[in-house]
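Every letter in the sequence shown is one number past the one before it in this note's numbering, and letter 120, counting from 1, is 120.
Heads up, the beta-carbon is just placed ideally off N, CA and C, and yes, glycines get one too.
Small disclaimer: the values here were computed from a predicted structure and weren't measured.
Notes follow the structure.
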Amino acid sequence: MTLNSPQASFRKPVYLDYAASTPVAPQVAAKMAECLTREGNFANPASRSHVFGWQAEEAVENARAQLAALVGADTREIVWTSGATEANNLALKGVAEAHRSQKSTNDEKLGHIVVSAIEHKAVLDPIAWLEEQGFSVTRLQPTNEGIITPENLQDALRDDTFLVSLMQVNNELGSINDIKALSALCKTRGILFHCDAAQGVGKIAVNVKDLNVDLLSISGHKFYGPKGIGALYVRRSGDVKIAAQIHGGGHERNMRSGTLATHQCVGIGEAAELAQSSLDDEQRRIAELRDLLWQGISDLPNIKRNGSSSQTVSGILNVSFANDVSQGCDGEMLLLSLRDLAVSSGSACNSASMSPSYVLKAIGLNDVEAQASLRFSVGRYTTREEIEFAIEHIRATVTKLLRTQI
Ligand SMILES: Cc1ncc(COP(=O)(O)O)c(C=O)c1O
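As C-alpha cells, then:
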C-alpha cells in the first residue's frame with residue numbers, strides 16, 4: 001500500500017501500542033477455537049473419569065510444556081494464572097504469607113522486601129498492601145535510563161530481607177535490567193528473587209535457570225496469545241514456599257485453584273511455540289522499524305528519547321516532545337491531535353488519568369516533560385508503511401502545535 005493510494009487514509013488508527021496488548025496470532029486463535037464447542041476439546045481438564053476430560057488435560061499439559069520450553073523451565077514449575085497481575089500477586093503475597101507463617105507469634109518484625117520504584121502497578125499495589133500488613137519495604141530508585149544496578153540493590157539488602165522483586169523489562173521505557181547479576185546478590189544471602197517478566201517473555205530470550213530466579217511472572221497477551229491467561233514459574237526447591245491465594249479444589253498442586261480454561265492454556269502454549277521459533281528474526285525486524293521511527297522524528301524541536309538506547313527491548317520507543325512549559329508541545333493536546341495513531345501516554349493502565357507517569361518522574365523528568373511523553377510500541381504486524389505514515393503524521397502534528405502555541 002502506498003501512502004497516496006485510497007487506502008492510505010487508514011480507517012482505523014495505526015496501532016503502535018503492542019506493549020499494552022497484542023492481537024492473538026491467527027494460528028493461536030485457530031487452535032483455541034478447537035477447544036470450545038461440543039465437537040472440540042471442551043471438557044473439564046480435571047475430569048478424571050472419561051476420555052473428554054483426559055483429552056482436555058492432555059491439551060493443557062501440552063501447552064504447559066510449550067510455555068515451559070520458552071522459558072527453560074520444567075513443566076512442573078509452571079502454575080497457570082489469569083495473567084501477570086495474578087502471577088505477581090501469587091508470588092508476592094504467597095511468599096510473604098509463607099514467610100510470616102514460619103515466624104514465631106511474638107516476633108513483631110515480619111521482614112523486609114525490596115522492589116523498584118518503577119515496577120508495574122501489578123507489583124507496586126500488592127507490595128503496598130503487604131506494607132499495610134506490617135512488612136517493611138524498600139523501593140529502589142532507578143538510574144536516569146530506567147535501570148536498577150546491582151550496587152543499588154546491594155546497598156538495600158538487610159539481614160531480614162526475605163524477598164526481592166524486580167522487573168525484567170520496564171513497560172513504559174523498554175529498559176532491561178540485568179536480572180542475572182541482580183539475582184546473584186540474593187542467592188548468596190538466601191533471599192528469594194521474583195521477576196515480573198511480562199514485557200520480556202516472547203520478546204527477548206528468557207531462561208529461568210540462566211537468570212537464576214525463584215519466581216517469574218508471564219502474561220499471554222503480551223506475545224500474541226489471549227488475554228486472561230498467564231503463569232507463574234515457581235522453582236522446584238524446598239526453599240521456595242508460597243501460600244495459595246485462591247482456594248477451592250487444590251488445582252495446580254494446591255497453589256492456584258479453579259477449573260483451567262483449556263482454550264486459554266492452548267492459546268498461550270501455541271503463542272509460546274510461535275515466539276520461540278521466530279524470536280531473533282522478529283526482534284531484528286521490529287528494532288529496524290523502531291529505529292526508522294526514531295530517525296524520522298528525532299530532529300523535531302525539544303524532542304528527547306527516554307530510557308536506555310542500548311539496554312532496551314526492540315519494540316518500545318518512549319519520547320518527550322517538550323522540555324518545559326514554554327518550549328515544546330502540550331502533552332494533552334499532542335495526544336488528542338495524534339488521532340491517527342494508537343499510542344500510549346505512559347503505562348496503559350495509567351492512561352485514564354493525565355497525571356504524570358511515576359516511571360518518567362523517577363528517571364528525572366519534570367511534570368511538563370513527563371506529560372508531553374508518548375510510548376510508541378512496535379510489534380509483529382507493524383509494517384514499514386505504517387511507520388512512514390506515523391512519521392509524517394507526528395511531524396505535521398508537532399509542527400502545527402508548535403506554530404499555534406507561539
Ligand atoms: C510489566 C508488567 N507487569 C504486569 C502486567 C500485567 O499483566 P496482565 O495484563 O497479564 O495482568 C503488565 C501489563 O501491562 C506489565 O507490562
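Whole-angstrom distance between residue j and residue i, CA atom to CA atom
i      : j      : result
Ile297 : Glu332 : 19 Å
Leu86  : Arg100 : A small fix is needed here, since residue 86 is Glu in this sequence, not Leu. Near 20 Å, if we compare the C-alpha coordinates of Arg100 and Glu86.
Ala84  : Thr404 : 43 Å
Gly364 : Gly379 : 28 Å
Ile78  : Asn44  : 19 Å
Leu153 : Thr259 : 39 Å
Asn144 : Ser345 : 19 Å
Ala59  : His120 : 32 Å
Arg76  : Arg305 : 42 Å
Leu16  : Ala390 : 9 Å
Thr2   : Glu386 : Low per-residue confidence applies at Thr2: pLDDT is 44, beneath 50, and the placement is therefore not dependable enough to give any value.
Lys12  : Ala29  : 22 Å
Gln283 : Thr382 : 12 Å
Arg375 : Gln66  : 31 Å
Thr22  : Tyr224 : 5 Å
Val368 : Glu288 : 30 Å
Asn318 : Gly53  : 47 Å
Arg235 : Ala68  : 12 Å
Cys349 : Asp324 : In this prediction, Cys349 scores a pLDDT of 44, lower than 50, which makes its location untrustworthy; the coordinate-derived value is nonetheless stated afterwards. Distance between the alpha carbons of Cys349 and Asp324 is about 25 Å.
Thr188 : Gly307 : 30 Å
Arg410 : Ile176 : Residue 410 is absent from the structure shown; the chain starts at 1 and stops at 406.
Glu270 : Arg38  : 21 Å
Gly250 : Glu388 : 52 Å
Val71  : Gly190 : 23 Å
Arg158 : Val137 : 11 Å
Asp340 : Gly248 : 47 Å
Gly328 : Asn366 : 13 Å
Glu392 : Asp330 : 19 Å
Ser237 : Thr397 : 55 Å
Arg124 : Ser116 : As written in the sequence, residue 124 is Leu, which differs from the Arg given in the question. Approximately 9 Å between the Cα atoms of the pair.
Ser357 : Lys222 : 21 Å
Ala244 : Arg253 : 10 Å
Leu292 : Ala25  : 25 Å
Ser355 : Ala156 : 29 Å
Val95  : Ile303 : 43 Å
Residues sharing a beta bridge with residue i, DSSP
i      : result
Asn152 : Partner(s): none; Asn152 has no beta bridge.
Ser136 : His112
Lys304 : Ser320
Tyr15  : Ala342
Phe193 : Val164
Val79  : Leu232
Thr312 : Ser175
Ser377 : Asp17 and Ile316
Gly146 : None; Gly146 has no bridge partner.
Ile204 : Val201
Leu416 : This structure gives no information on residue 416, because the portion of the chain shown stretches from 1 to 406.
Sequence-distant residues of its chain with Cβ nearer than 6 Å to residue i (five each side left out)
i      : result
Gly230 : Thr81, Gly83, Ala84, Ala87, Ile218, Ser219 and Gly220
Ile316 : Ala19, Gly174 and Ser377
Lys241 : Ala98
Ser309 : none
Leu360 : Ala370 and Ser373
Cβ distance (whole Å) where residue i is taken to contact residue j below 8 Å
i      : j      : result
Ile147 : Gln27  : Between Gln27 and Ile147 the Cβ distance is about 35 Å, and since that is not below 8 Å, they are no contact.
Asn41  : Thr262 : 6 Å
Pro142 : Ala362 : 6 Å
Pro226 : Ile268 : 7 Å
Leu211 : Ile179 : 5 Å
Arg256 : Leu90  : 6 Å
Val208 : Ala122 : About 19 Å separates the two Cβ atoms, so there is no contact after all.
Val51  : Ala342 : Wrong, their Cβ atoms sit about 45 Å apart, outside the cutoff.
Ser320 : Leu401 : In fact, because the Cβ distance is near 14 Å, the residues do not count as touching under 8 Å.
Val266 : Lys103 : That belief does not hold up - the Cβ atoms of Val266 and Lys103 are roughly 41 Å apart, past 8 Å.
Leu215 : Leu192 : 7 Å
Neighbourhood of residue i by C-beta distance below 8 Å, restricted to the same chain and skipping five residues each side
i      : result
Gln55  : Asn41 and Ala43
Ala181 : Pro150
Leu334 : Phe321, Ala372, Leu374, Thr397, Val398 and Leu401
Same chain, Cβ closer than 7 Å to residue i, five either side skipped, listed in chain order
i      : result
Pro126 : Asn88, Asn89, Leu92 and Lys93
Gly228 : Ser82, Gly83 and Gln264
Glu34  : Gly40 and Asn41
Ser351 : Its pLDDT being 49, under 50, Ser351 is placed unreliably in this model, and the value from its coordinates should be taken loosely. Closer than 7 Å at the Cβ level, and outside the excluded window around Ser351, lie Ser344 and Ser345.
Ser47  : Gly53
Glu57  : Pro45
Measuring CB atoms only, is the region 107-126 touching the region 155-166, in the sense that at least three cross pairs come out at less than 8 Å? These segments touch.
Under 8 Å, with one C-beta from each stretch per pair, do the region 165-173 and the region 192-199 reach the 3-pair mark? These segments touch.
Per the contact definition of three or more C-beta pairs closer than 8 Å, is the region 202-215 in contact with the region 265-279? Touching, yes.
For the region 288-305 against the region 116-134, are there 3 or more C-beta pairs whose distance is under 8 Å? Not touching, per the Cβ criterion.
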